[in-house]
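A quick write-up on the structure given underneath.
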Amino acid sequence: MLLEIKDVCKVYKGKVKANDNISLSMAKGEVFGLLGPNGAGKTTLVNQVIGITVPNSGTITIDGVDVIANPAFARQACSFQPQNQLPVYLLPAINAIELVGQIRGMRKADVRRRANELIDRLGIGQWRNVIGQNSTGGIRRLVCFCMAVVAPGDIVILDEPTNDIDPLRRRQLWQEVRSLAEAGSAVLLVTHNVHEAERVVDRLAIIDEGRVLGSGTPAELKASEGDSMRLELILEPGMEPPPLPDFLLETVASNRRMISKVEKENVVSALELASKLKDDGKVEEFSLGPITLEDIYIRMVGRLEEDEETPEGETK
Ligand SMILES: Nc1ncnc2c1ncn2[C@@H]1O[C@H](COP(=O)(O)OP(=O)(O)OP(=O)(O)O)[C@@H](O)[C@H]1O
Ligand SMILES: [Mg+2]
Numbered sequence: 196m197l198l199e200i201k202d203v204c205k206v207y208k209g210k211v212k213a214n215d216n217i218s219l220s221m222a223k224g225e226v227f228g229l230l231g232p233n234g235a236g237k238t239t240l241v242n243q244v245i246g247i248t249v250p251n252s253g254t255i256t257i258d259g260v261d262v263i264a265n266p267a268f269a270r271q272a273c274s275f276q277p278q279n280q281l282p283v284y285l286l287p288a289i290n291a292i293e294l295v296g297q298i299r300g301m302r303k304a305d306v307r308r309r310a311n312e313l314i315d316r317l318g319i320g321q322w323r324n325v326i327g328q329n330s331t332g333g334i335r336r337l338v339c340f341c342m343a344v345v346a347p348g349d350i351v352i353l354d355e356p357t358n359d360i361d362p363l364r365r366r367q368l369w370q371e372v373r374s375l376a377e378a379g380s381a382v383l384l385v386t387h388n389v390h391e392a393e394r395v396v397d398r399l400a401i402i403d404e405g406r407v408l409g410s411g412t413p414a415e416l417k418a419s420e421g422d423s424m425r426l427e428l429i430l431e432p433g434m435e436p437p438p439l440p441d442f443l444l445e446t447v448a449s450n451r452r453m454i455s456k457v458e459k460e461n462v463v464s465a466l467e468l469a470s471k472l473k474d475d476g477k478v479e480e481f482s483l484g485p486i487t488l489e490d491i492y493i494r495m496v497g498r499l500e501e502d503e504e505t506p507e508g509e510t511k
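In the numbering used here, the protein residues as written are 196 to 511.
This is how it looks when you write it as structure tokens:
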């Protein structure tokens with residue numbers, strides 16, 4: 196494996212166990228997702244991979260090299276988009292991107308071509324010559340993404356790259372992530388968006404409170420639920436959650452969403468119930484379908500995220 200993280204523990208100020216015995220590995224050419232809620236310990240973990248933070252115990256190797264002892268090697272092997280954006284306030288987007296490419300040793304002509312390609316593919320051409328200070332939060336994040344990937348290392352680490360990005364450009368960014376992996380980099384994609392993880396990654400780890408709760412491909416993680424289905428009800432605004440029959444299992448609710456597990460033999464009853472709730476004006480809409488990564492996330496993390504966005508019409 197290209198990246199091997201073994202038994203990593205990080206305790207801040209002797210109290211917060213930000214990483215509690217984390218072990219993960221990542222191969223060349225794969226997109227690996229690190230999925231978890233706020234405060235799960237995701238940024239702490241990636242900061243240790245690139246040598247910004249030193250673990251209390253455990254080992255991290257890239258290509259067999261101990262990066263805790265050789266942080267300079269990690270910085271050379273990894274391209275990194277930090278969660279908190281880089282200060283590109285006074286540079287036009289194109290110059291900021293080209294600068295990183297040149298620092299990473301690319302030829303001037305190559306770096307210009309690659310920077311312009313990225314800008315065009317992400318649809319930010321109108322900000323090409325605009326300094327960071329005069330652009331927007333979302334555009335600045337996209338420029339930071341371009342800076343991270345203009346001259347990609349063997350490992351590309353992206354810490355929440357799609358926060359504040361609109362659905363269309365988010366899709367373009369996912370395509371770039373896929374291209375990076377196809378070109379041979381290992382991409383570590385940090386996200387708290389389960390829909391993003393489901394669409395983009397080859398494998399992922401779900402982490403919370405510093406621990407890995409599960410890992411594998413999305414299909415492997417979903418296989419733990421057998422062939423059960425999920426019913427999602429969206430309540431009419433202001434409607435109290437209706438009492439639900441026993442065949443709707445492990446229901447979790449957040450705002451107007453209620454999600455339940457349904458065994459195969461109860462699928463018809465679940466559909467009849469949902470239609471009746473809709474006819475009675477209690478439910479605005481519903482869907483019945485296969486288990487998703489979100490269901491696995493809910494079971495492992497124990498709650499439904501409040502602000503999950505579901506980008507419309509997405510397919511992997
Ligand atoms: N420098 C620090 N000093 C003390 N505690 C810290 C520090 N950095 C992070 N923490 C704590 O460590 C835990 C993990 O934080 P971390 O930033 O790694 O989470 P995260 O999964 O990246 O969260 P988010 O999704 O909000 O970015 C949290 O409880 C956080 O408060
Ligand atoms: Mg973070």
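Every residue, glycine too, gets a C-beta built ideally from N, C-alpha and C. As the structure is a computational prediction, the values presented were derived from the model and not from experiment.
Does the beta-carbon of residue i, which I'm using as the reference point, lie nearer than 7 Å to any heavy atom of ligand 2?
i       : result
Asp-354 : yes
Gln-278 : yes
Lys-237 : yes
Going by DSSP, what residues sit across from residue i in a beta bridge?
i       : result
Met-453 : Leu-428, Ala-448
Ala-346 : Answer by DSSP bridge pairing: none, since Ala-346 is not bridged.
Lys-205 : Asn-214
Ser-330 : DSSP, once it has assigned bridges, lists no residue as partnering Ser-330.
Val-338 : DSSP, once it has assigned bridges, lists no residue as partnering Val-338.
Asp-422 : In DSSP, Asp-422 forms no bridge with anything.
Leu-353 : Gln-276, Leu-384
Gly-488 : In the sequence on display, residue 488 carries Leu and not Gly. Leu-488 pairs with nothing; no bridge assigned.
Met-434 : The partner list for Met-434 (beta bridge, DSSP) is empty, contrary to what the question assumes.
I want to check one thing, is the minimum distance from the CB of residue i to the heavy atoms of ligand 1 below 7 Å?
i       : result
Tyr-492 : no
Gly-409 : no
Gly-476 : no
Tyr-207 : yes
Val-389 : no
Ala-213 : yes
Asn-187 : No answer is possible for residue 187: the residues shown for the chain start at 196 and end at 511.
Would you identify the three-state DSSP class for residue i, choosing helix, strand or coil?
i       : result
Phe-442 : coil
Met-495 : helix
Gln-271 : helix
Glu-199 : strand
Gly-296 : helix
Gln-243 : helix
Glu-507 : Low local confidence applies: a pLDDT of 42 at Glu-507 is under 50, so the model's placement there is unreliable, and no value is given.
Gly-409 : strand
Asp-261 : strand
Thr-238 : helix
Ile-255 : strand
Gln-321 : helix
Along the alpha helix (DSSP H) that carries residue i, what are the first and last residues, could you check?
i       : result
Leu-285 : Counting along the chain, Leu-285 falls outside any alpha helix (DSSP H), and DSSP gives it neither H nor E.
Ser-470 : 462–474
Val-372 : 362–377
Val-306 : 303–316
If you follow the beta strand (DSSP E) that residue i is in, where does it begin and where does it stop?
i       : result
Thr-386 : 381–386
Leu-483 : 478–485
Glu-500 : Careful: Glu-500 lies outside any beta strand (DSSP E) and carries neither H nor E.
Arg-394 : Here Arg-394 belongs to no beta strand (DSSP E); instead the alpha helix (DSSP H) covers 389–395.
Ala-400 : 398–403
Val-226 : 226–230
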